[in-house]
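One structure below.
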Ligand SMILES: Cc1ncc(COP(=O)(O)O)c(C=O)c1O
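In UniProt numbering, the protein residues as written are 1 to 463.
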């Protein structure tokens, strides 16, 4: 293909597949020719064909644009966009589609947008040439400081900013920890049931993966000690188990910490929503009860600020900081600076604490709305064991085990609940629906939503 044809084809393709949209400005002839290292005439020829065919319009001194009047048929996404693993695809759909009861998303209507915007503008105005370099791989120093202050006060830790490593999400935290510390055959124990996406990651990266069951008091430590005394890593969600939302009891915490200390094993504490507790008797983070420094604490801003931040953190035992730094320099890329600057101002200026306080009472109220609505629309079908906090509840089926069919049915009505049985690794399962309540703004909204699949739900549950 000659030069102008290549340029012509590339533009046409970009326009047809929607990457370039009607009205979008395209590069000037002079700039594109310089960029591609071709003669201006080559680009001019390609553009004049595209203009002739109606894909582009020339607007004289205002440049060239994709024809704003172009009407393109929307193409369906290519088939291979879905992942082959059906269960994974189902969870991705629940996560990414718009609908009711989505899991783990903070209340989008209650975020202090104006405040955020002001801080973002301040951060942009304070930008200097040195801010355009690669940010430190362990994180922006003021953010590490703000996080250390926050977890020390709010979650009872006792760490310095030096121990905080900023990551781009829980999965990166987990991968970084195992990449730094784990030998290939080290035994890793995960909760059963357990956080779906964490489980998927471990299936890929942990060769020697085992499970311990979870009951009303959290992970069953007796089982763990009986079957996996030799584990090197135990990964748990002690504040509110994911997905059962139960809290790890005090005696089990002690038992687990003693075991880790004796065996020199590591406990990875995933404190993903520990901020949201609704009773006065709050257990601090497990890390705060860890004199032997065997707990690696993992936190996230996905629940407290927004998942789009992609900002989470690890609080490292002091003796691991240098090893982590080295791994991070090799495998991690660091996070963009600007969002870290905005976030550190948000925390340091006190807005974060205020926001959390507001969210706590809002979530408690919204949980009650959803609970009332569920019992009103489906009396006798589900039971709920309310926990101390969190951002979701589990509605267990009173009878039957059709939670997967039920969830798929509800998903067709944009109720984005997840079947509990999907979160289990072993054969012993409980059945129910995992329901997020944080974005439900009234009881009536929840009632209307629950009623959408009513007839088919009753038919399904009646067998
Ligand atoms: C159990 C659990 N851990 C961690 C996370 C945080 O993940 P991330 O920081 O990647 O958003 C979530 C988010 O849904 C979660 O449910």
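Note that the Cβ used here is the ideal one computed from N, Cα and C, for glycine as well.
Residue 395: not part of any alpha helix (DSSP H); member of the beta strand (DSSP E) spanning 392-397, first to last residue.
Residue side-chain check: residue 463 keeps its Cβ at 6 Å or more from all non-hydrogen atoms of ligand 1. Around the beta carbon of residue 449, a 10 Å sphere encloses 16 or more other beta carbons of the protein chains shown; the residue is thus reported as buried. One thing to note: residue 148 has its Cβ no nearer than 7 Å to the Cβ of residue 348. DSSP, reduced to helix, strand and coil, places residue 111 outside both helices and strands of the structure shown, so it counts as coil.
Uninterrupted alpha helix (DSSP H) stretches at least 4 residues long and entirely within the stretch 204-288 occur at 221-227, 250-263, given in chain order.
Residue 330 sits exposed, since fewer than 16 C-beta atoms from the chains shown fall within 10 Å of its C-beta.
In the three-state DSSP reduction, residue 166 falls in the strand class (E or B). DSSP places residue 191 outside any alpha helix (DSSP H); the residue lies instead in the beta strand (DSSP E), whose first and last residues are 187-192.
The beta carbon of residue 289 lies closer than 7 Å to those of 253, 257 in the same chain, with the five residues before and after it left out. Between the stretch 152-162 and the stretch 200-209, the count of C-beta pairs closer than 8 Å stays below three; the two stretches do not touch. Ligand 1 has a heavy atom closer than 6 Å to the beta-carbon of residue 272. Setting aside the 5 residues that flank it on each side, residue 373 is surrounded in the same chain by 443, 446, 447, 450, each with a C-beta closer than 7 Å to its C-beta; the list follows chain order.
In this structure, ligand 1 has a non-hydrogen atom nearer than 6 Å to the beta-carbon of residue 170. In the DSSP annotation of this structure, residue 458 is not part of any beta strand (DSSP E); the continuous alpha helix (DSSP H) holding it starts and ends at 454-461. Distances from the CB of residue 387 to the heavy atoms of ligand 1 are all 6 Å or more. Shown here for residue 429: same chain residues with a beta carbon closer than 6 Å to its own, the five before and five after excluded, namely 421 in chain order. Per DSSP, reduced to three states, the secondary structure at residue 70 is coil, with no helix or strand assignment. With a cutoff of 7 Å on beta-carbon distance, residue 393 and residue 384 are scored as near each other.
Straight across, the Cα-Cα distance linking residue 192 with residue 50 is about 58 Å. Residue 25 sits in a strand when the DSSP states are folded into three classes.
DSSP lists 25, 57 as the beta-bridge partner residues of residue 65. According to DSSP, residue pairing for residue 418 in a beta bridge involves 434.
In the DSSP assignment, residue 401 falls outside any beta strand (DSSP E) and carries neither an H nor an E. Here the distance from the Cβ of residue 302 to the nearest heavy atom of ligand 1 is below 6 Å.
Out of 313, 211, 174, 308, the CA that lies nearest to the CA of residue 300 is found in 313. When Cβ pairs closer than 8 Å are counted between the two stretches, the stretch 303-319 is seen to touch the stretch 340-357, the count reaching three or more.
Looking at the backbone, the Cα of residue 15 and that of residue 35 are separated by about 20 Å. C-alpha of residue 248 to C-alpha of residue 463: approximately 36 Å in a straight line. About 27 Å separates the beta carbon of residue 96 from that of residue 66, a gap too long to meet the 8 Å contact definition.
For residue 382, the enclosing beta strand (DSSP E) stretches over residues 382-384. Each residue's CA atom was taken as its position, placing residue 306 and residue 53 some 44 Å apart. Nearest in C-alpha terms to residue 275, of all of 6, 12, 199, 353, is 353. Pairing residue 102 with residue 460, the inter-Cα distance amounts to about 22 Å.
Straight-line measurement puts the Cα of residue 4 at about 46 Å from the Cα of residue 140. Proximity of the stretch 265-272 to the stretch 220-235 meets the contact definition, three or more beta-carbon pairs being nearer than 8 Å.
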